[in-house]
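Since the structure comes first, as structure tokens, the remarks are kept for the end.
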Amino acid sequence: MTAAWSKFRRQASWASLGAMVCSLVLTACGVKAQASITTRFNSMGGGQNSLLLTVPVEAYSGDILDRLPNLALLTGVEFHDFREGGQQGVRISQTFYGLRQLNGNPEAAHFLNRAFPGSFIRYHTSWRPNWFTRDLHVEMTVDAASSAGLAKIIASTTAGVLDTSIVLELPGEVISHNGTQLSEQTIVWPWRSDQPQTLLATARVVSWPLVWSLGFNVSAGLAALLTGRPVSSRRASGRSQPGRPVSTSRPPRR
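Sequential numbering of the sequence shown, starting at 3, is according to our numbering.
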């Protein structure tokens with residue numbers, strides 16, 4: 003009974019999240035709004051997914067967050083106020099802890115896949131090792147048509163949400179991509195809700211696990227060498243010193 007109740011609460015929470023996103027987007031109708039879906043990676047493969055919805059400051063309703071329940075405990079999704087460059091709104095975010103989480107169940111990969119059933123965001127990510135660096139390869143597929151609920155929202159808000167983008171923020175140095183590079187580590191694509199999109203990006207980062215392993219082995223080798231030298235020198239000096247001569251002559255007879 004307890005497990006069934008917990009499952010029901012989680013499902014209700016995800017449905018509530020979808021309803022909240024819908025209400026936030028619908029609130030933006032009639033004004034110049036901005037929306038962006040961002041996936042940010044760190045050098046170990048973890049990171050954060052986020053959705054940012056903003057409108058001009060003068061059109062923002064300051065009590066939006068006050069009407070939202072706290073879903074962090076049940077879903078891990080957090081809501082934060084956002085204000086920058088004359089725009090104000092809400093940032094919705096959730097942390098992920100490795101590439102395996104993104105490559106697995108799509109519902110676990112991105113909170114929007116649970117809020118809008120249909121798994122319209124999918125990832126295929128991998129590490130490609132080099133000598134002292136490794137390449138983080140990210141392939142992100144976005145297909146709004148695969149989620150009937152999301153497609154309906156987009157159809158009703160196209161005139162309101164004028165600037166919708168998808169952003170990848172990668173560690174290290176971006177060495178290839180098929181989008182528009184905003185900075186050394188940020189790639190952006192316009193969201194085309196009428197057709198599937200495949201977003202590609204590769205970044206080269208320092209292979210910290212290899213560096214740490216190499217540093218540990220070198221440190222252990224030096225420690226063994228330094229602690230072993232005095233012992234071996236003492237042993238060598240002990241062998242090199244001759245013992246005191248033993249006289250074999252007998253005393254003369256009287």
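Ideal placement from N, C-alpha and C gives every residue a C-beta, glycine not left out. Only a predicted model underlies this, so the values are computations on that prediction, with no experimental measurement involved.
Out of GLN199, GLY100, LEU101, state which residue places its alpha-carbon closest to the alpha-carbon of SER148. For the purposes of this step, residue 148 is taken as residue 146 along the sequence shown, with counting starting at 1. Ranking the options by Cα distance to SER148, first place goes to GLN199.
Do you know offhand how far LEU170's Cα is from ALA225's? In the sequence shown, the residue the question calls residue 170 occupies position 168. In the sequence shown, the residue the question calls residue 225 occupies position 223. Distance between the alpha carbons of LEU170 and ALA225 is about 43 Å.
DSSP beta-bridge partners for GLY49? Counted from its first residue, the sequence shown places residue 49 at position 47. For GLY49, which the question treats as bridged, DSSP gives the partners PHE43, PHE98.
Is the stretch 132 to 151 in contact with the stretch 77 to 86, if contact means three or more CB pairs nearer than 8 Å? no
Would you kindly work out how many angstroms separate the C-alpha atoms of GLN197 and THR182, rounded to a whole number? Here residue 197 corresponds to residue number 195 of the sequence shown, with the count starting at 1. Here residue 182 corresponds to residue number 180 of the sequence shown, with the count starting at 1. Roughly 19 Å separates the two Cα atoms.
So, helix, strand or coil for ARG116, using DSSP? By one-based count along the sequence shown, residue 116 stands at place 114. ARG116 sits in a helix when the DSSP states are folded into three classes.
Distance check for ALA222 and GLY49, CA to CA, integer angstroms please. Your numbering for residue 49 matches position 47 in the sequence shown. Your numbering for residue 222 matches position 220 in the sequence shown. When rounded, the distance between both Cα atoms is 32 Å.
Pairwise C-alpha distance: ASN180 and PRO108: Along the sequence shown, read from residue 1 onward, the residue named residue 108 stands at position 106. Along the sequence shown, read from residue 1 onward, the residue named residue 180 stands at position 178. So the two alpha carbons sit approximately 23 Å from each other.
For the alpha helix (DSSP H) that GLU109 lies in, which residues bound it at each end? Here the question's residue 109 lines up with position 107 in the sequence shown. That run of the alpha helix (DSSP H) goes 108 to 111.
Burial state of LEU114 (16 or more Cβ within 10 Å): Counting from 1 along the sequence shown, the entry for residue 114 is found at position 112. Buried, because 16 or more other Cβ atoms sit within 10 Å of the Cβ of LEU114.
Which residue comes first and which comes last in the beta strand (DSSP E) that contains LEU202? Sequence index remark: in the sequence shown, residue 202 carries index 200 (1-based). LEU202 -> beta strand (DSSP E) spans 199 to 208.
If you count every other CB in all the chains shown that lies within 10 Å of the CB of ALA150, and 16 or more means buried, which is it? For the purposes of this step, residue 150 is identified with residue 148 of the sequence shown, where counting begins at 1. ALA150 should be labelled exposed.
Going straight from the alpha carbon of SER195 to that of GLY47, what length do you get? For the purposes of this step, residue 195 is taken as the residue at position 193 of the sequence shown. For the purposes of this step, residue 47 is taken as the residue at position 45 of the sequence shown. Straight across, the Cα-Cα distance linking SER195 with GLY47 is about 28 Å.
Output yes or no for whether 8 Å exceeds the beta carbon distance between ILE189 and VAL176. Counted from its first residue, the sequence shown places residue 189 at position 187. Counted from its first residue, the sequence shown places residue 176 at position 174. A contact, by the Cβ cut-off of 8 Å.
Proximity of LEU54 and VAL144 at Cβ, strictly below 8 Å: The residue given as residue 54 occupies position 52 in the sequence shown. The residue given as residue 144 occupies position 142 in the sequence shown. Taking 8 Å as the Cβ cut-off, LEU54 and VAL144 do not qualify as a contacting pair.
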